[in-house]
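Asks: Residue numbers for the sequence shown follow UniProt numbering, so the first one is 1 and each next one is one higher. Handing you this structure, nothing more for now.
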Amino acid sequence: MVGNRGTLLQSARARLYNEDGNSMIVNCLFDSGSQRSFIKKSVAEALSLKGPFETVNIESFGNINSKCLRVRRVKFWLTSVRDKSHKKQMVEALCLKKITDRPNVRLDIKQYSHFTSLQLAEDFTDLSSTFDVLIGLDYYYDFINQAIIKGQEGEPMAIHSTLGWIICGPTPGKVPMKNTKMLFAKIEDHLDDILKNFWDLEAIGIKDEEKEIDSKASQLFEKTVHFDGERYEVQLP
């Protein structure tokens with residue numbers, strides 16, 4: 001299928017570091033519609049990223065079915081590829097086998113005057129690969145600020161980030177339309193949180209009927225039991 005115009009997602013190239021200082025160049029996708037951040041499992045394994053496991057429900061956009069997965073949560077740092085003066089931003093992300101493919105949208109930066117002299121976070125030379133890291137809303141605004149440069153109507157815009165200026169939005173011209181994919185992650189409650197909620201309900205008096213009856217019987221027994229010299233006696237409820 002061919003559309004009248006394409007759409008550039010918020011993407012950037014970055015250098016990813018592990019805690020030992022080893023690094024590699026990765027393709028990042030910024031998605032404020034995702035609750036959590038993600039990293040490709042192959043990238044995490046390449047840099048020997050370690051961390052605890054979490055249980056999550058991964059739901060695809062428009063699909064009523066979800067997958068319950070046990071995935072590893074890892075920590076790493078991202079910084080600009082071109083500007084080494086920028087500080088490294090720490091990110092904790094969940095490992096997935098695949099995030100999503102990059103849209104097949106080409107862009108000639110030179111035809112847009114409002115991008116002149118900007119240090120871009122993406123060079124648009126290789127858009128055939130997949131995304132390695134997805135930055136969700138949990139870290140989105142640690143990278144993105146409010147600076148935006150717009151051109152004419154229907155032209156892409158530039159958003160400033162710690163990784164450089166990110167080009168996104170509509171692009172003119174007919175382009176092949178590929179499948180659109182989105183991620184939504186629902187984090188399951190941990191066992192200790194479930195137990196805490198249970199005891200909180202007990203503390204404010206929310207108990208089932210059977211437990212309530214048992215509690216009253218125990219109180220009556222403690223108040224009325226006595227020994228008459230031969231046997232114990234207790235008042236019936």
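Cβ atoms here follow ideal geometry from the backbone N, Cα and C, with glycine treated the same way.
In this structure, how does DSSP classify residue 117 when only helix, strand and coil are distinguished?
Replies: The count along the sequence shown starts at 1 and reaches residue 117 at position 117. Note: residue 117 maps to coil in three-state DSSP.
Asks: In the structure shown, what three-state DSSP assignment does residue 66 receive?
Replies: Translated into the one-based positions of the sequence shown, residue 66 becomes position 66. It is a strand residue.
Asks: Taking 8 Å as the limit between beta carbons, can you name the residues of its chain near residue 148, skipping five residues before and five after?
Replies: Translated into positions along the sequence shown, residue 148 becomes position 148. Once the five neighbours on either side are set aside, the close Cβ partners of residue 148 are 157, 158, 159, 160.
Asks: Pick from 134, 163, 167: whose alpha carbon is nearest that of residue 38?
Replies: Along the sequence shown, one-based indexing puts residue 38 at 38. Checked all of 134, 163, 167; the closest Cα to residue 38 is 134.
Asks: Would you call the CB atoms of residue 99 and residue 131 closer than 7 Å?
Replies: As a working note, residue 99 is residue 99 in the sequence shown. As a working note, residue 131 is residue 131 in the sequence shown. Yes, the pair counts as a contact, with Cβ atoms nearer than the cut-off.
Asks: If I follow the unbroken beta strand (DSSP E) through residue 40, where does it start and stop?
Replies: Here residue 40 corresponds to residue number 40 of the sequence shown, with the count starting at 1. Looking at the DSSP string, the run of the beta strand (DSSP E) that includes residue 40 is 38-40.
Asks: Suppose you measure from the CA of residue 87 to the CA of residue 74; what does that come to, to the nearest Å?
Replies: As a first step, residue 87 must be located in the sequence shown, where it is residue number 87. As a first step, residue 74 must be located in the sequence shown, where it is residue number 74. So the alpha carbons of these two residues sit roughly 19 Å apart.
Asks: Between residue 44 and the rest of its own chain, which residues show a CB-CB distance below 6 Å, the 5 nearest in sequence each way excluded?
Replies: On the sequence shown, position 44 is the one that residue 44 refers to. Excluding residues within five positions, the ones whose Cβ falls inside 6 Å are 74, 95.
Asks: Around the C-beta of residue 103, are 16 or more other C-beta atoms found within 10 angstroms, so that it is buried, or is it exposed?
Replies: Along the sequence shown, read from residue 1 onward, the residue named residue 103 stands at position 103. Residue 103 is buried by the Cβ-count criterion.
Asks: Can you tell me which of 23, 31, 25, 129 puts its alpha carbon nearest to the alpha carbon of residue 101?
Replies: In the sequence shown, counting from the first residue as 1, residue 101 sits at position 101. Closest by alpha carbon: 129.
Asks: Report yes if the CB atom of residue 243 is closer than 7 Å to the CB atom of residue 137, and no otherwise.
Replies: Beyond the ends of the chain as shown, which are 1 and 237, falls residue 243; an answer cannot be given.
Asks: Taking all protein chains shown into account, do 16 or more other C-beta atoms lie within 10 angstroms of the C-beta of residue 112, making it buried, or fewer, making it exposed?
Replies: Here residue 112 is taken as the residue at index 112 of the sequence shown, counted from 1. Counting Cβ neighbours within 10 Å, residue 112 comes out buried, since at least 16 surround it.
Asks: As an exercise, report each continuous beta strand (DSSP E) stretch of at least 3 residues that is fully enclosed by the region 21-56, in chain order.
Replies: For the region 21-56, whole beta strand (DSSP E) runs of length 3 or above, ordered along the chain, are 23-30, 38-40.
Asks: Checking 7 Å against the spacing of the C-beta atoms, do residue 16 and residue 76 come in under that value?
Replies: In the sequence shown, the residue the question calls residue 16 occupies position 16. In the sequence shown, the residue the question calls residue 76 occupies position 76. Result yes, Cβ atoms of residue 16 and residue 76 sit closer than 7 Å.
Asks: Got a sec, what are the start and stop residues for the alpha helix (DSSP H) residue 112 sits in?
Replies: One-based indexing of the sequence shown puts residue 112 at position 112. Segment: none, residue 112 is in no alpha helix (DSSP H) and carries neither H nor E.
Asks: So which of 168, 7, 140 has the shortest CA-CA distance to residue 93?
Replies: Start at 1 with the first residue of the sequence shown, and residue 93 comes out as number 93. Considering only alpha carbons, the answer is 140.
Asks: Measuring CB to CB, does residue 6 end up less than 7 Å from residue 171?
Replies: Here residue 6 refers to the residue found at position 6 when the sequence shown is read from its first residue. Here residue 171 refers to the residue found at position 171 when the sequence shown is read from its first residue. Yes.
Asks: Residue 120 to residue 146, Cα distance in whole Å?
Replies: Reading the sequence shown from its first residue, position 120 is the one you call residue 120. Reading the sequence shown from its first residue, position 146 is the one you call residue 146. Between residue 120 and residue 146, the C-alpha separation is close to 16 Å.
Asks: To the nearest angstrom, report how far apart residue 155 and residue 53 are at their CA atoms.
Replies: Counting from one through the sequence shown, the residue named residue 155 turns up at place 155. Counting from one through the sequence shown, the residue named residue 53 turns up at place 53. Distance between the alpha carbons of residue 155 and residue 53: 43 Å.
Asks: With burial defined as no fewer than 16 other Cβ atoms inside 10 Å of the residue's Cβ, what is the status of residue 36: buried or exposed?
Replies: The residue labelled residue 36 in the question sits at position 36 within the sequence shown. The residue in question, residue 36, is buried, as its Cβ has 16 or more Cβ neighbours within 10 Å.
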